[in-house]
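For reference, the structure is listed below as structure tokens.
In mature numbering (1 follows the signal peptide of the UniProt record, and there is no 0), the protein residues as written are -23 to -1, 1 to 36.
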């Protein structure tokens, strides 16, 4: 009986911790910045790439 109760407590804690760990992530969202200037909307999405030849990277 004690082992069943221990299993239930551990399982519940595990599920609760996993649920709260992913609670801040939004499904389908893309990190970026939105700006509007003179009627033109621009959405900038950061792209991480390794340095290329001579350390060149896109802005």
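Cβ atoms here follow ideal geometry from the backbone N, Cα and C, with glycine treated the same way.
Membership of residue 13 in the beta strand (DSSP E) is indicated by the continuous run 10 to 14.
Going by C-alpha positions, residue 35 is about 44 Å away from residue -11. In the DSSP annotation of this structure, residue 30 is not part of any beta strand (DSSP E), being labelled neither H nor E. In the structure shown, the three-state DSSP call for residue 4 is coil.
Counting only residues of its own chain and dropping the five nearest sequence neighbours on each side, residue 15 has no CB closer than 8 Å to any other CB.
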